[in-house]
Every structure is written in C-alpha cells, then in structure tokens.
Amino acid sequence: MAPHATLPPLRGRVQQGAPLAPFTWFRVGGPAEWLVRPADIDDLLLLLRDLPDAMPLTVLGAASNLIIRDGGLRGVVLRLGGRGFGDVTVEADGIVAGAAALDAVVAEHAATAGLAGLEFLCGIPGSLGGAVAMNAGAYGREIVDVLDWAEVATPAGLLRLSAAELHFAYRHATLPPRGVVVRARLRATPGDAAMIAAEMTRIRTAREATQPVRARTGGSTFKNPPGQKAWALIDAAGCRGLALGGAQVSKLHTNFLLNTGGATAAELEALGETVRARVLAQSGIALDWEIRRIGESAA
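Using the UniProt record's numbering, the first residue of the sequence shown is number 1, and each one after it goes up by one.
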C-alpha cells in the first residue's frame with residue numbers, strides 16, 4: 001500500500017474519511033479521519049512504532065459499548081480484522097484467542113471442547129480485546145477471574161502481560177501508552193458438556209428476557225454504584241421509557257439506551273446526562289458512564 005503523508009507505509013487497508021456509524025451497535029457517529037485495518041500483527045507494530053506522537057489513536061473493537069460523537073474521530077481509528085486477529089485455539093485447560101474474536105464465539109469454542117468457566121462470555125456483546133481492555137463481566141464473573149495473559153502491541157514492541165500487570169479494576173484495565181490488545185489466554189477447566197451448555201442457555205435466555213438485545217443499543221449505560229443497581233436507581237427516578245429525539249431509555253431494562261431510529265449521538269449522550277441528573281436529584285447518587293463516549297461534537 002502506498003504511504004500516506006501522515007502514516008507509515010502499511011500492507012493493510014487505509015481509508016480517509018471512512019464512515020464509522022455502520023460499525024457501532026448504536027449505528028450513530030461521524031467519520032474517521034483515517035480508518036486503518038492492519039494486515040497482521042507485524043503491520044500493527046509498524047503502525048504503532050512509526051505513527052507520529054501528535055496523531056490521535058483510537059482502537060475500535062465490536063463497538064458494542066460505545067458512542068462515537070457526530071463529528072467523528074480525529075487521527076487514526078484502528079480495527080483489527082486482518083490475519084490472525086480473530087483466531088481461536090483450544091488448549092487442554094484454556095483458550096487462546098485473538099482480540100477480534102467475539103466473546104460469544106470464545107464461549108462457544110470452550111463449550112464445544114468441554115471446558116467450563118467461560119460461559120459468562122456468551123452474555124457479553126463484544127470482542128475479546130475490548131473485554132480485556134475494560135475488564136468486562138457478566139453473571140458474576142469478570143475477565144480478571146480467568147485471564148492468564150494478554151499480548152499487547154505497543155510502539156516499543158509486543159508485550160505479554162499478566163492479569164496482575166494489567167492492574168484490573170471494575171470495568172478497567174491499565175494498558176501501556178498506545179497499547180493495543182491483540183491476543184489473550186483465558187483459563188478454563190474440563191467440565192461436563194451438558195452442564196456447560198445448560199449454563200450458556202440459561203445466560204442467553206436471561207439476556208433475551210431482560211435486555212433489549214435485538215435493538216440498536218450500547219449495552220449497560222452506567223456502572224453499578226457500590227451496593228446499588230444502576231437500573232433500579234434509574235427506574236426509581238422515573239426514567240423508564242424517557243425519550244429525546246430518536247433516543248430512548250429502554251422500557252425493558254432501564255440501564256440501556258436505544259436508538260429507536262434516526263437518533264444522533266448527541267441525543268443519546270444528552271439523554272444519558274438527563275438520566276444522570278434525575279438519578280442524582282432523586283437519590284443523591286452520581287452514576288458513572290460505562291459506555292465510552294469519544295470523538296468530536298458536530299460543528
């Protein structure tokens with residue numbers, strides 16, 4: 001691929017002004033200044049090594065827990081879709097998977113191999129790289145509970161970091177500057193295939209019954225405050241079904257925002273802030289966003 005004025009010469013795909021809304025679960029947001037899809041890990045390492053320090057870098061995974069603002073993203077937006085980034089390998093006591101592998105796919109590989117302990121991943125709508133980067137969790141377990149190591153591409157090269165070195169906290173991992181998760185190993189234990197399948201069915205059934213899984217949504221909007229449930233606080237503040245333009249608080253699960261059709265990122269974010277204000281006024285508790293909001297507001 002021919003070099004660009006501000007980017008190193010890459011073998012992968014580089015697009016200027018690429019629309020990003022189709023990649024996000026909300027289906028909103030402006031374009032990327034540069035959308036880069038590296039051919040492989042070596043291509044990614046070259047990009048990270050030679051990218052100018054002043055050039056912003058944003059990693060986009062499954063974009064399931066993300067609002068990209070209507071003005072889009074400056075600099076490089078990185079999507080891992082090339083060779084090796086989605087591979088899943090089954091081992092005797094765990095799974096090694098690329099960052100682009102969907103969490104549910106990792107869970108399915110483990111179940112097929114009769115490995116227990118990763119069932120919770122089928123309840124997380126995202127990719128493994130994002131799950132590691134935010135210590136994603138569901139149904140009583142988090143990535144920190146099962147991670148052996150993660151390989152992280154950095155400007156200085158490829159690092160293999162343990163769970164302790166990632167300093168996991170609630171919905172957070174500490175990655176090196178400009179670090180990009182490319183692969184991870186998750187621990188599992190041999191188990192009864194029927195019991196593993198039954199647990200995954202239970203999780204999927206619970207999600208279908210309690211969450212708007214088929215809507216244009218972004219997953220859990222706010223973090224659960226200590227000892228509290230965000231959805232209950234939102235419900236108590238009278239926000240169930242609250243709407244702003246094309247954005248709405250789900251009537252099924254109040255900690256989910258919906259794009260009912262034609263919503264802008266600004267409407268979704270403003271509705272979220274309205275919910276936060278109402279919860280604070282009603283309960284005295286300040287909700288923290290779990291959904292990442294990134295990019296520029298529309299001009």
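Even for Gly, the Cβ is constructed at its ideal location relative to N, Cα and C.
Residues that DSSP places opposite residue i in a beta bridge
i	result
S127	L102
Q282	Note: Q282 sits in no beta bridge, so no partner.
A150	L161, A184
G94	E91, R187
I294	I68
Distance between residue j and residue i (C-alpha atoms, nearest Å)
i	j	result
Q15	E267	28 Å
P155	G179	8 Å
R37	L161	24 Å
Q228	L287	10 Å
K251	A113	38 Å
G218	L80	20 Å
T6	L60	20 Å
M195	D103	19 Å
G284	Y170	21 Å
A298	L257	20 Å
E208	R49	43 Å
F23	D87	20 Å
Beta-carbon proximity check, residue i vs residue j, cutoff 8 Å
i	j	result
V132	V181	yes
G17	G295	no
L271	L233	no
L45	A153	yes
R183	E151	yes
E290	T221	yes
N255	G246	no
R278	A237	yes
Nearest neighbour of residue i, chosen from the options [CA to CA]
i	options	result
A110	S64, R292, R185	R185
A193	L118, L102, V28	L118
A99	S162, L287, G130	G130
G84	G262, D40, C239	D40
R27	A263, M134, L47	A263
A173	M134, A188, D235	M134
F168	R187, C239, V144, P190	V144
Rounded Cβ spacing between residue i and residue j (contact assumed at less than 8 Å)
i	j	result
I68	G29	3 Å
Minimum Cβ-Cβ distance from residue i to chain C less than 8 Å
i	result
D93	Protein chain content of the structure displayed is limited to a single chain, and chain C is not contained in it.
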